[in-house]
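Please read the structure below before turning to the comments.
Chains as they are written, first to last, in my numbering: chain A, 1 to 375; chain B, 1 to 375.
Pasting the structure below:
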């Protein structure tokens with residue numbers, strides 16, 4: 001049963017298209033609740049509020065508009081997005097009457113069924129905690145450094161997010177998936193403490209919005225009990241926090257080892273990428289690193305051939321050693337490095353290798369487990 | 001059983017990577033003959049000749065190199081392409097000995113199995129016909145205008161290519177698939193005649209190479225019995241011609257109709273694209289065009305809504321009429337139009353509509369069949 005609603009607004013096509021694009025990513029692709037395939041549109045106090053949610057993740061944004069009559073509707077996200085993005089950059093009028101939304105400009109008219117706006121689920125927003133301000137550059141750097149190490153394995157839900165802490169004015173992001181661990185810390189201007197595990201999907205959306213809207217200087221984070229809300233200017237992203245005991249990672253981040261080698265990051269990356277071409281035909285993208293004679297030699301082997309790469313080192317301290325990796329986990333870590341050089345810490349062929357950025361040894365760390373060799 | 005082969009060359013990484021990229025598209029993705037997944041490499045008289053073929057389509061190219069020992073090998077196309085594209089832009093040495101190819105530069109060494117070069121099938125090249133020279137711009141325009149109308153339906157093989165004719169110094173490309181027909185003609189500097197049906201895949205490759213190598217001014221075409229070879233500077237593309245009776249299309253290309261309407265191409269395209277958003281939910285992307293009162297009105301309808309678009313005309317001659325289309329076939333034709341305006345020729349709701357470019361009425365024609373309406 002559809003109710004009778006009313007709303008009438010005039011809005012710029014450009015603003016509306018941008019708003020829809022922001023919230024559409026929050027909309028459920030598959031859902032047992034059909035209304036969640038829609039975007040909630042509410043016209044109130046000079047703004048048009050748009051909301052998309054899959055119940056876990058909610059994205060809201062507001063845009064300026066001329067309101068002739070306050071009200072709301074829910075419109076299929078895909079359909080709405082296609083229509084608005086294909087209209088010319090004119091003003092658009094949206095009016096809602098008796099279960100239909102009518103979208104018009106000077107030459108086009110669309111009449112769409114709307115769902116009852118009152119039936120759209122109320123999203124969970126964190127409102128009663130402290131609001132913490134984090135610079136965009138710092139937040140982006142933290143997300144990007146740890147993102148690849150966040151697990152996709154839902155059998156251990158706590159690892160499908162990044163642990164985010166603030167203590168002693170230091171913000172820390174940590175993620176691990178059983179094969180590698182990524183750690184990034186930075187100084188922030190906040191005296192309190194924070195301890196939460198933020199789902200991967202949310203970090204992905206924050207990264208996307210901050211990357212495409214280059215003028216957002218700060219993100220405001222509010223955490224209250226089991227919810228987090230990130231405010232990025234006119235857009236808010238809200239999520240449930242992941243619950244459970246995160247692994248005690250601090251003991252893993254050693255800063256000494258039997259062998260410590262400094263190499264050029266780009267050369268390391270290119271060599272491993274080339275070695276990976278042949279390694280790809282093996283079960284776990286195996287590449288073997290030999291540290292000897294002041295050099296690193298990277299070998300790979302497969303049915304159809306083999307390869308050898310030689311890499312000069314900037315500095316080589318300690319014992320000669322051999323260690324093997326799944327090159328994918330190695331490359332994920334190397335790709336996140338910002339400095340020109342990286343320090344590799346190796347203890348043995350069965351213990352994790354730690355990579356620290358030469359110019360940022362304490363705050364940017366990536367740890368990767370070796371593959372045990374048979375011989 | 002592998003033979004003992006020998007070859008040794010030094011070649012620029014950049015040239016080799018470009019050459020591999022050209023011929024790799026000719027290599028079979030799936031094949032019952034494993035050697036066809038490889039690229040044949042032959043060093044002879046100052047050149048390295050590369051060949052990829054799926055037996056229907058053959059792409060060959062030659063690049064300059066320093067030959068230390070003439071010879072050849074066959075290397076897996078994917079593997080070779082990955083390796084060479086990831087090497088730095090240094091000189092590369094390739095040597096072949098006893099079933100192995102060794103690819104080296106100053107820091108990397110790859111050892112790959114090679115197939116016996118003598119077992120690589122000899123490609124079919126058209127060599128004994130006249131070579132016809134066609135300007136790149138003209139050839140590209142012809143291919144692009146008719147490409148979307150070439151059928152993908154292998155039950156009527158003759159329609160999976162474009163008919164290419166030369167007569168009275170006029171080159172003609174025609175393609176049709178039972179739903180629409182595309183026709184493009186141009187003046188060429190060749191006195192003879194030509195009549196062949198060229199497979200879609202070949203035209204696709206020619207389009208790709210001419211588009212990426214912007215400095216190729218002319219293409220040379222040789223047709224001999226059932227083969228065609230296109231020479232684009234150092235690259236040759238060869239194919240079997242499609243055999244069979246092509247449909248006699250000339251009677252279809254009428255230049256009069258009961259209703260003739262001129263509209264702006266961009267406005268027509270945008271209106272139909274918007275109408276298609278709702279039409280997409282119907283069986284055949286149905287859009288209905290009404291020609292009346294000097295205007296075109298485009299309507300679409302689906303379960304979740306409806307849309308109306310109004311389009312002003314530049315010129316409207318003849319009767320009011322209504323006709324419906326699968327908008328996809330309509331859009332394919334409109335997207336190929338280069339002029340600002342298009343003339344639409346409509347006789348009735350059950351006869352094809354013909355579109356002619358306003359500035360090129362005789363040489364650029366697209367015909368589209370209507371969808372019969374129930375009422």
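No residue lacks a Cβ here, since even glycine has one placed at the ideal position from N, Cα and C.
All values reported here derive from a predicted model rather than from experimental measurement.
Counting along the chain, where does the beta strand (DSSP E) carrying residue 236/B start and finish? Run containing residue 236/B: 235 to 240, per the beta strand (DSSP E) assignment.
Going by DSSP, what residues sit across from residue 168/B in a beta bridge? BP columns for residue 168/B are empty, so no partner.
On the three-state DSSP scale, how would you describe residue 160/A? Shown here, residue 160/A sits in a helix according to DSSP, grouped into three states.
Using the Cβ count rule (16 or more neighbours within 10 Å means buried), how would you classify residue 270/A? Around the beta carbon of residue 270/A, 16 or more other beta carbons sit within 10 angstroms, so the residue counts as buried.
According to a CB-to-CB cut-off of less than 7 Å, which residues of the stretch 96 to 115 of chain A neighbour chain B? Residues of the stretch 96 to 115 of chain A with a C-beta less than 7 Å from any C-beta of chain B: 107, 108, 109, 110, 111, 112 and 113, listed in chain order.
Would residue 309/B pass as an interface residue toward chain A - the criterion being a Cβ-Cβ separation below 7 Å? For residue 309/B, the answer is yes, since a Cβ of chain A falls inside 7 Å of its Cβ.
Close-in-space but distant-in-sequence residues of the same chain around residue 364/B (CB under 6 Å, 5 per side omitted): 184 and 357.
Could you check what DSSP says for residue 65/A in three-state terms: helix, strand or coil? DSSP, read as helix, strand or coil, puts residue 65/A in coil.
Please state the DSSP three-state secondary structure of residue 204/B. Helix at residue 204/B.
Please classify residue 226/A as buried or exposed, where buried requires at least 16 neighbouring CB atoms within 10 angstroms. By the neighbour-count rule (16 or more Cβ atoms within 10 Å), residue 226/A is not buried but exposed.
To the nearest angstrom, how far is the alpha carbon of residue 20/B from that of residue 83/B? Rounded to the nearest whole angstrom, the CA to CA distance from residue 20/B to residue 83/B is 11 Å.
For residue 374/A, which residues from the same chain have a beta carbon less than 8 Å from its beta carbon, with the 5 sequence-adjacent residues on both sides left out? Taking residue 374/A as the centre and dropping the five residues before and after it, the same chain places no C-beta closer than 8 Å to its C-beta.
Residue-level contact to chain A via CB, residue 119/B, 7 Å cutoff: So, not an interface residue.
Would you call residue 353/A buried or exposed, if buried means 16 or more other Cβ atoms sit within 10 Å of its Cβ? Burial state of residue 353/A is buried, judged by a 10 Å Cβ sphere holding 16 or more other Cβ atoms.
For residue 3/A and residue 99/A, what's the separation of their Cα atoms in angstroms? Its pLDDT being 49, under 50, residue 3/A is placed unreliably by the model, and the measurement read from it follows with that caveat. Rounded to whole angstroms, residue 3/A to residue 99/A spans 7 Å at the Cα level.
What are the partner residues of residue 73/B, as DSSP defines its beta bridges? 41/B, per the DSSP bridge assignment.
Spatial neighbours of residue 10/B in its chain, beta-carbon cut-off 6 Å, leaving aside the 5 residues before and after: Within the same chain, 66, 91 and 93 come within 6 Å of residue 10/B by CB-CB distance, once the 5 residues on both sides are set aside.
Integer-rounded CB distance, given that residue 203/B should sit under 8 Å from residue 177/B: Rounded to the nearest angstrom, the Cβ distance from residue 177/B to residue 203/B is 14 Å, too far for a contact under 8 Å.
Using a C-beta to C-beta distance shorter than 7 Å, which residues of chain B count as neighbours of residue 304/A? Near residue 304/A (Cβ distances below 7 Å), the residues of chain B are 76, 79, 112 and 113.
Just how far apart, CA to CA, sit residue 86/A and residue 286/B? Approximately 18 Å between the Cα atoms of the pair.
Do you know offhand how far residue 72/A's Cα is from residue 131/A's? Going from the Cα of residue 72/A to the Cα of residue 131/A covers about 29 Å.
Specify, as a first and last residue, the run of the beta strand (DSSP E) that residue 137/A falls within. Where residue 137/A is concerned, there is no enclosing beta strand (DSSP E), although the alpha helix (DSSP H) it sits in stretches over 136 to 146.
Residue 307/B and residue 344/B look like a contact to me (Cβ under 8 Å); what is the Cβ gap, rounded to whole Å? Residue 307/B to residue 344/B, Cβ: 20 Å. No contact.
Taking only beta-carbon atoms, is residue 82/B less than 7 Å away from chain A? Yes, because at least one Cβ of chain A sits closer than 7 Å to the Cβ of residue 82/B.
On the DSSP bridge assignment, give the partners of residue 262/A in chain order. For residue 262/A, which the question treats as bridged, DSSP gives the partners 315/A and 343/A.
Any beta carbon of chain A sitting closer than 7 Å to that of residue 273/B? So, interface residue.
Closer than 6 Å by C-beta to residue 297/B: which residues in its own chain qualify, once you throw out the five before and the five after it? Chain order, please. The beta carbon of residue 297/B is closer than 6 Å to those of 290 and 310 in its chain, skipping five residues each way along the sequence.
Assuming residue 70/B and residue 118/B make a contact with CB atoms under 8 Å, what is their CB distance in whole Å? At roughly 14 Å, the Cβ-Cβ gap does not stay under 8 Å, so residue 70/B and residue 118/B are not in contact.
Buried versus exposed, by CB contacts within 10 Å (16 or more), residue 326/B: With 16 or more other Cβ atoms within 10 Å, it is buried.
Is the beta carbon of residue 385/B less than 7 Å from the beta carbon of residue 143/B? No answer is possible for residue 385/B: it lies beyond the span of chain B, which begins at 1 and ends at 375.
Straight-line CA distance for residue 14/B to residue 340/A? Distance from the CA atom of residue 14/B to the CA atom of residue 340/A, rounded to whole angstroms, is 26 Å.
Is residue 92/A close to chain B, meaning its C-beta is less than 7 Å from at least one C-beta of that chain? No, its Cβ sits nowhere closer than 7 Å to a Cβ of chain B.
Return the CA-CA distance between residue 294/A and residue 263/A, expressed in angstroms with no decimal places. Going from the Cα of residue 294/A to the Cα of residue 263/A covers about 11 Å.
Please report the straight-line C-alpha distance between residue 95/A and residue 181/A, rounded to a whole angstrom. Rounded to the nearest whole angstrom, the C-alpha separation of residue 95/A and residue 181/A is 52 Å.
Measuring straight from C-alpha to C-alpha, what distance separates residue 1/B and residue 169/B? For residue 1/B, the predicted structure reports a pLDDT of 36, less than 50, and the residue's modelled location is therefore unreliable. The matter cannot be settled from this model.
Could you spell out the range, first to last residue, of the beta strand (DSSP E) harbouring residue 17/A? Premise fails: residue 17/A lies in the alpha helix (DSSP H), 13 to 24, not in any beta strand (DSSP E).
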